[in-house]
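Okay, so here's the structure we're looking at.
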Amino acid sequence: MSLTPFALPETKPYWDAAAQDRLHIQRCHDCRKCYFPPAPVCPHCTSRNVVWEDMSGRATLYSYVITASPWPQWDMKPPFSVATIALEEGPRLLSTVVDCEQSPFALKIDMPLVATWRKFGDGPKLLCFRPTAENRQ
Amino acid sequence: MTGFGIKPGRFAIVGAAESTDIGTVPHLSSMGLALDGAVNALNDAGLRASDIDGLTVAHLPVGNVAQQLGIYPRWVDGTSIGGCSWLYHVRSAMAAIHAGYCSTVLIVYGESGRSHGTLPSAYDAARPGSIEQQFDLAYTGANISAALFGQPLVRYMATYGLTEAQIAMVPVVQREWAAKNPRAKLKTPTTVEDVLASPMIAWPIRRAMTCLVSDAGGAMVVTSAERARDFPKRPVYVLGSGSAIENGGCSPAGTRNPMEPDFIRTSGRDAFQSAGVSHADIDHLMIYDAFAHNPIFGLEGLGFVPIGEAAQFIEEGHTRPGGKLPMNTNGGGLAYAHSGAYGMLCMLEAVRQMRGEAAAQVPDAKTSLVHGWGGFWSACATIIFSNERP
């Protein structure tokens, strides 16, 4: 399978922004809620009156595992975290926590995180998260 | 509650069988396993292909299965939502017969998860441009299933104090069942220490907490209760059923309540309400165990125990041989067989229990609840069976 994300018309603004280190997702202009993944319809209220916005990048660690296998396609060596991230603006998404010891002792549920972008192997820039400066291990 | 149009016991399973061989079956592809299981189920029911006028298949092309079995259905369902698909098909088959669209439905499953996993079958979440390919699979690493199924688990451990040793009790208990089953892959006893010494897959999930990777097929025949008495085997009636889906397969991050998934609660609630039975009426339980923690979340989501208490319930021995709620009595996906999408094998064990022909038979069992998961925390379906028509 190809890991390089294949953008659709509906998701291209997300990937274009990611290439510039920006977390760009959609907010519903009617109910004011943010949502993820990108789509032309708000899943909270079915409105098509939705707009793209830059998010703050502030988030918390909702949950995770620490995988023990290498990921040669991305040139990633274990252990590395596969994490559910809760954005300050509401949506949750899958990512990884970097710049942090990859252990249950360092990775604390609900710890504050901030968005960062990394390239793995030959892939595009991917949204990742790191501990906030005051929370760095 | 709103009424369910299909009353308890209106439909029955009149034929049911696994493929002749399960485990490592290199001479058959997913399609071959499906066809072999289908022929066994037809023989079990004493039916010919020409007697079947409804067909359901998941994760294989329904038209190809029809053609290769020589079945010319006037109703089909190819809903493919992961391991619970075939439970879902029981629901849709009953609805179709109820509506008069067909009279006798064959539900077909086959998956060469071990020998030919790359041939057409199962999920294709990695299609370029799919939501999963863009936003999930870039992060999961090589152990996709463990990485995704583990997401609800670690937060649950932090919230309710579930320990790795408690998770390890699930495979320990299920090996006790597998030891009684000649067809089970892992028949030797194991211990919490053994489980916790097995290789790490994705913390906290270890290999012994992970289902097998097997080849298997199977099928069932569904028809009305009125016709069910005319078949050679004891009918297994469907008392009630439920189902629900919340996302596309790979996105536990987007599940509204990962620790208390709404989809299992909806599925279980509808199954109990449509069956007209309560938890205390259930004699036998199958909860799809892709990973050791699935039965923990399942016992709670279905309402058998309060949230946070399922691991203790298992530790206390209630689900082991001789316990008050025998669970995963074939050994489960952890010890019996698991091809990738296991729901049909759960139902076939329930049918064997209701017929009184299981390898590890639960004495006097009259009701069985089967619960299947689909995708990686995305869908559920639940069926309640009985060997007595209400």
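In the order they appear, the protein sequences are chains Z and S. The numbering of the first sequence is our numbering, which starts it at 1 and goes up by one. The numbering of the second sequence is our numbering, which starts it at 138 and goes up by one. Note that the Cβ used here is the ideal one computed from N, Cα and C, for glycine as well.
Check: Distance, Cα to Cα, residue 141/S vs residue 234/S?
Finding: It is roughly 15 Å from the alpha-carbon of residue 141/S to the alpha-carbon of residue 234/S.
Notebook entry, point to check: Using a beta-carbon distance cut-off of less than 7 Å, what residues from the stretch 264-282 of chain S approach chain Z?
Noted result: Result list: 265, 266, 268, 270, 271, 272, 273, 274, 275, 276, 277, 278, 279 and 280.
Item checked: 4-residue-minimum alpha helix (DSSP H) runs that sit fully inside the stretch 287-362 of chain S, ordered along the chain -> Unbroken alpha helix (DSSP H) runs of no fewer than 4 residues, entirely contained in the stretch 287-362 of chain S, are found at 301-315 and 329-334, following chain order.
Notebook entry, point to check: Going along chain Z in order, which residues have a C-beta closer than 7 Å to the C-beta of residue 292/S?
Noted result: Close partners of residue 292/S in chain Z (Cβ separation under 7 Å): 62, 63 and 109.
Note to self: Between which residues of its own chain and residue 287/S is the CB-CB distance below 6 Å, once the five residues before and five after are set aside?
What the structure shows: Once the five neighbours on either side are set aside, the close Cβ partners of residue 287/S are 339 and 342.
Next item on the list: For residue 13/Z, I'd like the list of residues in its chain whose CB is within less than 8 Å of its CB, leaving aside the five on either flank, ordered along the chain.
Entry: Closer than 8 Å at Cβ, skipping near neighbours: 24, 38 and 52.
Check: With a cut-off of 8 Å, do at least 3 Cβ pairs link the stretch 144-157 of chain S to the stretch 361-381 of chain S?
Finding: The stretch 144-157 of chain S is in contact with the stretch 361-381 of chain S.
Next item on the list: Could you tell me how far apart the beta carbons of residue 414/S and residue 504/S are, in whole angstroms, since I believe they sit closer than 8 Å?
Entry: The beta-carbon distance between residue 414/S and residue 504/S, rounded to whole angstroms, is 7 Å. This is short enough to meet the 8 Å contact definition.
Margin query: Cutting at 6 Å between CB atoms, please list the residues of its own chain near residue 189/S, excluding the five before and the five after it.
Written below: Contacts found: 208, 241 and 243.
Notebook entry, point to check: Candidates 515/S, 269/S, 417/S and 428/S: which alpha carbon is nearest residue 309/S's?
Noted result: With distances taken between Cα atoms, residue 309/S lies closest to 428/S.
Notebook entry, point to check: Curious, which full-length alpha helix (DSSP H) runs of at least 4 residues does the stretch 212-267 of chain S contain?
Noted result: Contiguous alpha helix (DSSP H) elements confined to the stretch 212-267 of chain S occur at 222-236, taking only those with 4 or more residues.
Notebook entry, point to check: Relative to the C-alpha of residue 295/S, which residue among 93/Z, 64/Z and 8/Z is closest?
Noted result: Among 93/Z, 64/Z and 8/Z, the Cα nearest to that of residue 295/S belongs to 64/Z.
Note to self: Distance check for residue 156/S and residue 333/S, CA to CA, integer angstroms please.
What the structure shows: Rounded to whole angstroms, residue 333/S to residue 156/S spans 33 Å at the Cα level.
Margin query: What does the alpha-carbon distance come out to for the pair residue 238/S and residue 210/S?
Written below: One Cα belongs to residue 238/S, the other to residue 210/S, and the distance between them is close to 10 Å.
Checklist line | Secondary structure of residue 131/Z, DSSP reduced to three states | finding: Residue 131/Z: strand per DSSP, three-state reduction.
Notebook entry, point to check: Taking C-alpha atoms, which residue in 474/S, 484/S, 506/S and 518/S lies nearest to residue 311/S?
Noted result: For the residues 474/S, 484/S, 506/S and 518/S, the minimum Cα distance to residue 311/S belongs to 474/S.
Checklist line | Residue-level contact to chain Z via CB, residue 511/S, 9 Å cutoff | finding: Cβ-Cβ to chain Z under 9 Å: no for residue 511/S.
Check: Looking only at its own chain, which residues have a Cβ that is under 6 Å from the Cβ of residue 31/Z, when we skip the five neighbours before and after it?
Finding: So the qualifying residues of the chain are 44 and 45.
Notebook entry, point to check: Mind pulling the chain Z residues with CB within less than 7 Å of residue 433/S?
Noted result: Going along chain Z, no residue has its Cβ under 7 Å from residue 433/S, so there is no contact; the nearest lies around 15 Å.
Check: From residue 267/S to residue 83/Z, what distance separates their C-alpha atoms?
Finding: For the pair residue 267/S and residue 83/Z, the Cα-to-Cα distance works out to about 20 Å.
Check: From residue 230/S to residue 205/S, what distance separates their C-alpha atoms?
Finding: Cα to Cα, residue 230/S sits roughly 21 Å from residue 205/S.
Next item on the list: Indicate the three-state DSSP secondary structure (helix, strand or coil) for residue 413/S in the structure shown.
Entry: Coil.
Next item on the list: Give me whichever residues DSSP pairs with residue 34/Z in a beta bridge.
Entry: In the DSSP assignment, the residues bridged to residue 34/Z are 27/Z.
Item checked: In chain order, each alpha helix (DSSP H) run of at least 4 residues that lies wholly inside the stretch 432-505 of chain S -> Here the runs fully enclosed are 447-452, 469-472 and 480-492.
Check: Taking residue 300/S as the reference, which of 329/S, 313/S, 357/S and 325/S has the closest Cα?
Finding: Taking only the C-alpha atoms, the option nearest residue 300/S is 329/S.
Check: Alpha carbon to alpha carbon, what distance is there between residue 213/S and residue 265/S?
Finding: Straight-line measurement puts the Cα of residue 213/S at about 28 Å from the Cα of residue 265/S.
Check: Taking C-beta to C-beta, are residue 220/S and residue 460/S nearer than 9 Å?
Finding: It is not a contact, given that the beta carbons lie outside the stated cut-off.
Check: What is the C-beta distance between residue 307/S and residue 433/S, in whole angstroms, given that I count them as a contact (C-beta under 8 Å)?
Finding: Contact holds; Cβ gap of about 7 Å.
Next item on the list: Would you mind telling me which residues of chain S sit closer than 8 Å to residue 68/Z, beta carbon to beta carbon, in chain order?
Entry: The answer, in chain order, is 280, 336, 337, 338, 339 and 340.
Margin query: According to DSSP, simplified to helix, strand and coil, what is residue 272/S?
Written below: Under the three-state reduction of DSSP, residue 272/S is assigned to helix.
Check: Going by Cα to Cα distance, which pick from 364/S, 519/S and 281/S is closest to residue 404/S?
Finding: Residue 404/S has its Cα closest to that of 519/S, out of 364/S, 519/S and 281/S.
Notebook entry, point to check: Since residue 167/S is in the alpha helix (DSSP H), which residue starts that stretch and which ends it?
Noted result: Residue 167/S -> alpha helix (DSSP H) spans 167-182.
Checklist line | Same chain only: Cβ atoms within 8 Å of residue 216/S, ignoring 5 sequence neighbours per side | finding: Closer than 8 Å at Cβ, skipping near neighbours: 193, 195, 222, 225, 226 and 229.
Margin query: Contact defined as beta carbons within less than 8 Å: I believe residue 36/Z pairs with residue 271/S. What is the distance between those atoms, to the nearest angstrom?
Written below: That belief does not hold up - the Cβ atoms of residue 36/Z and residue 271/S are roughly 11 Å apart, past 8 Å.
Notebook entry, point to check: From the beta carbon of residue 296/S, is the nearest beta carbon of chain Z less than 9 Å away?
Noted result: Answer yes: the Cβ-Cβ gap between residue 296/S and chain Z drops below 9 Å somewhere.
Next item on the list: Mind listing the chain Z neighbours of residue 288/S? Cutoff is C-beta to C-beta under 9 Å, in chain order.
Entry: Result: 62, 63, 64, 65, 82, 83, 84 and 94.
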